[in-house]
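Protein sequences, first through last, are from chains A and B.
Heads up: the first sequence is residues 1 to 342, going by the numbering used here.
Heads up: the second sequence is residues 1001 to 1510, going by the numbering used here.
Think of the CB as a built atom: it goes at the ideal place given N, C-alpha and C, for glycine as much as any other residue.
Report on one structure; see the data block that follows.
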Amino acid sequence: MEEAIETAALSPDRILRQLTELWVGLGEQQNQDSGGVLRACTRTLFVFLEHGDDALAAGETLALLMRDHPSRAVVVRVDPSGGRAPEARVFAQCWMPFGQRQQICCEQVEITISEGMLGDLPPVLLPLAVADLPVTVWCRAPRVFSLPAFASVAGMAGQVILDSSAFANPAAVLEHLGALRGTPARFADLAWTRVTRWREMIAQIFENPRYLGCLSRISQAAVYYAGPRIPVEAFYLGGWLLRGLGPGASRVGLKFVPRPERETAGIAAVELTAPEAASRRFFIEVSGGAAEAHIDGLLNRTDFAAPSEYALLREELSIHQGDRVFEEVLPRAAELARRSGG
Amino acid sequence: MAAGTQLTNPFEDPLRYERRVPEATVVIFGANGDLTRRKLMPALYRLALERRLSAGFAVLGISRTPMTDEQFREKMRQSVERFLENSPFDAQVWDGFAKGLFYLPGDVHDPAAYQRLSQRLEAIEQARNMAGNVLFYLSTQPSQYATVAQGLSQAGLANGRGWRRLVVEKPFGHDGASARELDRSLHAVFAEPEIYRIDHYLGKETVQNILAFRFGNGIFEPLWNRRYVNHVQITAAESIGVEGRGAFYQETGALRDMIQNHLLQVLATVGMEPSATYDAQAVRDERAKLLRCIRILKPEEVEQDAVAGQYGPARIGGTEVPGFRQEPGVDPASRTDTYAAATFFIENWRWAGVPFYIRTGKRLPKRVTEIAIRFQPAPHVPFEGQAPEAPPDLLVLRIQPDEGISLKFASKQPGPGMRLRPVSMDFNYGTSFGERTPSAYETLLLDAIQGDATLYTRQDMVEASWRVVQPILEVWENRKFDFPNYPAGAWGPEAADRMLARRGHEWRRP
Chain A
1 MEEAIETAAL SPDRILRQLT ELWVGLGEQQ NQDSGGVLRA CTRTLFVFLE
51 HGDDALAAGE TLALLMRDHP SRAVVVRVDP SGGRAPEARV FAQCWMPFGQ
101 RQQICCEQVE ITISEGMLGD LPPVLLPLAV ADLPVTVWCR APRVFSLPAF
151 ASVAGMAGQV ILDSSAFANP AAVLEHLGAL RGTPARFADL AWTRVTRWRE
201 MIAQIFENPR YLGCLSRISQ AAVYYAGPRI PVEAFYLGGW LLRGLGPGAS
251 RVGLKFVPRP ERETAGIAAV ELTAPEAASR RFFIEVSGGA AEAHIDGLLN
301 RTDFAAPSEY ALLREELSIH QGDRVFEEVL PRAAELARRS GG
Chain B
1001 MAAGTQLTNP FEDPLRYERR VPEATVVIFG ANGDLTRRKL MPALYRLALE
1051 RRLSAGFAVL GISRTPMTDE QFREKMRQSV ERFLENSPFD AQVWDGFAKG
1101 LFYLPGDVHD PAAYQRLSQR LEAIEQARNM AGNVLFYLST QPSQYATVAQ
1151 GLSQAGLANG RGWRRLVVEK PFGHDGASAR ELDRSLHAVF AEPEIYRIDH
1201 YLGKETVQNI LAFRFGNGIF EPLWNRRYVN HVQITAAESI GVEGRGAFYQ
1251 ETGALRDMIQ NHLLQVLATV GMEPSATYDA QAVRDERAKL LRCIRILKPE
1301 EVEQDAVAGQ YGPARIGGTE VPGFRQEPGV DPASRTDTYA AATFFIENWR
1351 WAGVPFYIRT GKRLPKRVTE IAIRFQPAPH VPFEGQAPEA PPDLLVLRIQ
1401 PDEGISLKFA SKQPGPGMRL RPVSMDFNYG TSFGERTPSA YETLLLDAIQ
1451 GDATLYTRQD MVEASWRVVQ PILEVWENRK FDFPNYPAGA WGPEAADRML
1501 ARRGHEWRRP
């Protein structure tokens, strides 16, 4: 069900009233359809898009996300052209789980503002946050994140999510994120989330005590990548490998190696070499939706689909505490990016 | 690094990844059986699909049927495709997983089979760079448990380079004496921490959620005692009959099949004291303590506080449904209980005087497992004639289906005057967490490989449960029942209603 109502100005009271009316309407519908409607909400999610951003893709991501993390979603579209009158509309995002007659619904509010209004937005958004539930800001627009006024918006949230791979200068973003450490909001980077599967596969190899034993003898590491420049994910993975190799990391030569034959940008393979150990070469390569781990002639193949934006957000929203590993890897990744001129 | 220091994997990140599974071989005895095909293999495949198994992970199946590795793999593939629930079948993942599946034909009574098993294990471990960890899973007749343990011991398989663990399925004995006898046989070979007794109910997410609900929140625990709780009802109802397992079931019955293990474990989870930590020892200590606090019924009390039932034929929705005695393989004069209900009291400060009613049965109106906690009514209700006669004051923990929690209370009906109406506040697992719930066997297999026995039953818990159930069994064995005493599709015999009515209570209609 969609209840779209336009307002002349951004009044939180009015938006809240419209939300109430929305539920009254859904309740009446419930009386007509015996299946009924169930309201679900576990957090408030503020989403920042830029006008001209791929609204359809963002909408699809949100629709999927609501099933895992039912939220009051407040989507803010920022129009860089000035003088635009603010608009707001409310509607319900509903679905019916397979085999059930009851609909599950989440609230969604869409607000369109001009860029100049961004600084005035927190007093409007704060009352829209559902009481006693966590508040997350997902900034999908790199330019909006860079605006000075965004800091006040981020200040409302317990968690702020961005994707540094969408930024023109990832090294600068990593530096900026590093500088934000210690602020009340917990920052999450979807570029780091994209590395989870790689990290998981590498960690799994070293569950074997035989391989773990030769970790201290690893002297060469390589992250292979595809695309015109070293992806920010590669810096994260490199920083994480160095963190894991511990005090001996200084002896490890870490290289970023291009794979021009690969079409899809991103990390293509990882290689760790310990020339003096019995198990000498650990090589993981991803191709065609599958990952192959080669360890001393033993091959293990698993599926490895590139994670969608939805899957990345789903992972981040499932984390309710500080990410210590990310905090420790971030300065290393920033340093690698700075050195590589990325 | 000092000699003997345990290396830790620096690439671990528990915040992000699922638990890692160490390299291990799972040896399944009874690999051609129903449990392997329906539950174990789909669960292991799911773990592979979610990348929780290590690269060298292997399964070695043993049973009497002659088969090659390839035939075993094909058979398991068909089973996984058929019995996999809520998951896609991915041929590529299967191909990788199947490379780690092996088969060895052998009879558990043949000592030579264990020698061949030893050689095969060695070869697999060499080929797959494994650390020598082995999980023996006994998916055989319980009467073969002792034989297998003995065979493993004689072939030197109970010890090795890595760890050795033994998983056994219920029933853990037919009564208290046979449970102790089985325990002696297993302990002659494996130490208690190496024995994992599966009670798949404890692996269910919603049963684990009882602990999260009770001990992860500050709201409910202050009410969780005799002062505020009037009584507790635990229901595990099946709408189906014995489904071709009549011959097995008539040797078991509802009391042994469900109450002695699953439902007493659920009761212990509802009633236990909080443990200081969430580890196997601490949690199981508290469960065991609770089980030991259950008052043992005297023979003269069994008549009043325990009810046996057996379903008879009925016509349901235009279909003739046979009674238990008409089921294939069942003795036409069978005295087996297909329904059992009992009232238990827990003799400790928290629960003294609070009845815990448990019922379970086959061919009841619907499939439902839930725990209902009825709170004390308000001491004085000022809305005379306007409030519901039986105010809800009820908390329902639904184990299956529609897993979730409901709080039912009275609310003012809109409009003039002060009329109260019962309303329900629902938390539904499916709507708050879109994630797929792992099956109990996925959880429990993963735990056993990880060495986490928190959700497994310990021998002292098994014995404490038999101590509770044994007096009822003894009275029932010497009593003549007028079976059948409830028609298929009904909520059990009338005697079960009378059992509650004596204390002014009545069964909920789930």
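Contact under 8 Å by Cβ, I113 (chain A) with V74 (chain A): As a working mapping, residue 113 (chain A) is identified with position 113 in the first sequence. As a working mapping, residue 74 (chain A) is identified with position 74 in the first sequence. No.
Residue(s) in a DSSP beta bridge with I1296 (chain B): In the second sequence, residue 1296 (chain B) corresponds to position 296, counting from 1. Answer is none; I1296 (chain B) lacks a bridge partner.
Extent of the continuous alpha helix (DSSP H) run through F1072 (chain B): On the second sequence, position 72 is the one that residue 1072 (chain B) refers to. That run of the alpha helix (DSSP H) goes D1069 to F1083.
Top-ranked residue by Cα proximity to L1496 (chain B), from B:T1235, B:G1218, B:N1159 and B:V1229: Residue numbering aside, residue 1496 (chain B) sits at position 496 when the second sequence is read from its first letter. Reading off the sequence, residue 1496 (chain B) comes out as Ala, not Leu. Closest by alpha carbon: B:T1235.
Three or more C-beta pairs below 8 Å linking the segment 1210-1228 of chain B and the segment 1298-1318 of chain B: Between the segment 1210-1228 of chain B and the segment 1298-1318 of chain B, the count of Cβ pairs shorter than 8 Å is below three; the stretches do not touch.
Where D132 (chain A) falls, given that 16 or more other Cβ within 10 Å makes a residue buried: As a working mapping, residue 132 (chain A) is identified with position 132 in the first sequence. Exposed.
Beta-carbon gap between A265 (chain A) and G289 (chain A) smaller than 8 Å: The sequence position of residue 265 (chain A) within the first sequence is 265, counting from 1. The sequence position of residue 289 (chain A) within the first sequence is 289, counting from 1. Not in contact: A265 (chain A) and G289 (chain A) (Cβ atoms no closer than 8 Å).
Short CB-CB distance (under 8 Å) between R1016 (chain B) and chain A: Within the second sequence, residue 1016 (chain B) is the residue found at index 16, counting from 1. Yes, its Cβ sits closer than 8 Å to a Cβ of chain A.
Chain D residues whose Cβ lies nearer than 8 Å to that of E207 (chain A): Chain labels in this structure do not include chain D; the protein chains are A and B.
For E276 (chain A), three-class secondary structure by DSSP: Indexing the first sequence from 1 puts residue 276 (chain A) at position 276. E276 (chain A) falls in the coil class under three-state DSSP.
P1510 (chain B) at chain A interface by Cβ criterion, 8 Å: For this step, residue 1510 (chain B) is matched to residue 510 along the second sequence. Output row for P1510 (chain B): interface = no.
Interface positions of the segment 242-261 of chain A facing chain B (Cβ-Cβ less than 9 Å), listed along the chain: Under the 9 Å Cβ criterion, the segment 242-261 of chain A contributes R243, G244, L245 and G246.
Between the CA atoms of R43 (chain A) and A85 (chain A) - distance to the nearest angstrom: Reading the first sequence from its first residue, position 85 is the one you call residue 85 (chain A). Reading the first sequence from its first residue, position 43 is the one you call residue 43 (chain A). A straight line joining the alpha-carbon of A85 (chain A) with that of R43 (chain A) spans about 28 Å.
Within 9 Å of chain A by C-beta, residues of the segment 1110-1129 of chain B in sequence order: Residues passing the 9 Å Cβ filter: A1127, R1128 and N1129.
Close beta carbons around L1407 (chain B), own chain, < 6 Å, minus the five adjacent residues each side: The residue you call residue 1407 (chain B) lines up with position 407 of the second sequence. Its chain contains L1395 and M1425 as the residues whose beta carbon lies nearer than 6 Å to that of L1407 (chain B), once the 5 sequence neighbours on both sides are disregarded; these appear in chain order.
Inter-residue spacing [alpha-carbon to alpha-carbon] between E1494 (chain B) and Y1486 (chain B): As a working mapping, residue 1494 (chain B) is identified with position 494 in the second sequence. As a working mapping, residue 1486 (chain B) is identified with position 486 in the second sequence. Roughly 8 Å separates the two Cα atoms.
Cβ of R194 (chain A) within 8 Å of any chain B Cβ: Residue numbering aside, residue 194 (chain A) sits at position 194 when the first sequence is read from its first letter. Cβ-Cβ to chain B under 8 Å: no for R194 (chain A).
Check whether F1029 (chain B) and L1138 (chain B) have beta carbons under 8 Å apart: In the second sequence, the residue the question calls residue 1029 (chain B) occupies position 29. In the second sequence, the residue the question calls residue 1138 (chain B) occupies position 138. Inclusion of F1029 (chain B) and L1138 (chain B) in the CB contact set at 8 Å is warranted, their separation being smaller than that value.
is_contact[G1096 (chain B), chain A] using C-beta, thresh 8 Å: One-based indexing of the second sequence puts residue 1096 (chain B) at position 96. Yes, contact with chain A.
Helix, strand or coil at I1240 (chain B) [DSSP, three-state]: Translated into the one-based positions of the second sequence, residue 1240 (chain B) becomes position 240. Residue state, collapsed to three classes: coil.
Where the alpha helix (DSSP H) through A1495 (chain B) begins and ends: Position 495 of the second sequence, counted from the start, is the residue given in the question as residue 1495 (chain B). In the DSSP annotation of this structure, the continuous segment of the alpha helix (DSSP H) that includes A1495 (chain B) starts and ends at E1494 to A1501.
Residue from A:L313, A:A88, A:R140 and A:L245 with nearest C-alpha to L19 (chain A): Position 19 of the first sequence, counting from 1, holds the residue named residue 19 (chain A). Nearest of A:L313, A:A88, A:R140 and A:L245 to L19 (chain A), Cα basis: A:A88.
Selected residue, minimal CA-CA separation from I1198 (chain B), among B:Y1311, B:H1262, B:G1309 and B:Y1357: Within the second sequence, numbered from 1, the residue matching residue 1198 (chain B) stands at position 198. Per the Cα distances, B:H1262.
Sub-8 Å separation of L190 (chain A) and D163 (chain A) beta-carbons: Stepping through the first sequence from its first residue, residue 190 (chain A) is reached at position 190. Stepping through the first sequence from its first residue, residue 163 (chain A) is reached at position 163. If you check the CB distance, L190 (chain A) and D163 (chain A) come in under 8 Å.
Residues that DSSP places opposite M1425 (chain B) in a beta bridge: Along the second sequence, one-based indexing puts residue 1425 (chain B) at 425. Within the DSSP bridge table, the entry for M1425 (chain B) names B:L1407 as partners.
Range of the contiguous alpha helix (DSSP H) that encloses E1477 (chain B): Locating residue 1477 (chain B) in the second sequence gives position 477, where the first residue counts as 1. Q1459 to E1477 is the span of the alpha helix (DSSP H), which, as asked, contains E1477 (chain B).
Residues that DSSP places opposite S71 (chain A) in a beta bridge: The sequence position of residue 71 (chain A) within the first sequence is 71, counting from 1. Per DSSP, A:R43.
Own chain residues within Cβ distance below 7 Å of L272 (chain A), not counting five before or after: Here residue 272 (chain A) refers to the residue found at position 272 when the first sequence is read from its first residue. The beta carbon of L272 (chain A) sits closer than 7 Å to those of I218, A221 and F282, all from its chain and outside the five residues before and after it, given in chain order.
Paired residues, beta bridge with I1373 (chain B) - DSSP: Within the second sequence, numbered from 1, the residue matching residue 1373 (chain B) stands at position 373. Partner(s): B:V1232 and B:L1395.
Boundaries (first-last residue) of the beta strand (DSSP E) holding Y1103 (chain B): Numbered from its first residue, the second sequence carries residue 1103 (chain B) at position 103. Counting along the chain, Y1103 (chain B) sits inside the beta strand (DSSP E) bounded by residues L1101 to P1105.
Counted within 10 angstroms of its Cβ, other Cβ atoms place W198 (chain A) as buried (16 or more) or exposed: To locate residue 198 (chain A), count along the first sequence from 1; it is residue 198. Counting the other Cβ atoms within 10 Å of the Cβ of W198 (chain A) gives 16 or more, which makes it buried.
Inter-stretch contact (C-beta, 8 Å, three-pair minimum) for the segment 133-145 of chain A and the segment 154-173 of chain A: Touching, per the Cβ criterion.
Residues from the segment 1180-1200 of chain B in contact with chain A, defined by Cβ distance under 8 Å: Cβ contacts with chain A: none found.
CA nearest to the CA of W192 (chain A), picked from A:C105, A:G182, A:V173 and A:P209: Along the first sequence, one-based indexing puts residue 192 (chain A) at 192. Nearest of A:C105, A:G182, A:V173 and A:P209 to W192 (chain A), Cα basis: A:V173.
Chain-ordered chain B contacts of G213 (chain A) [CB-CB under 9 Å]: Stepping through the first sequence from its first residue, residue 213 (chain A) is reached at position 213. Simply L1007.
Short CB-CB distance (under 8 Å) between R1503 (chain B) and chain A: The residue given as residue 1503 (chain B) occupies position 503 in the second sequence. No, because no Cβ of chain A sits closer than 8 Å to the Cβ of R1503 (chain B).
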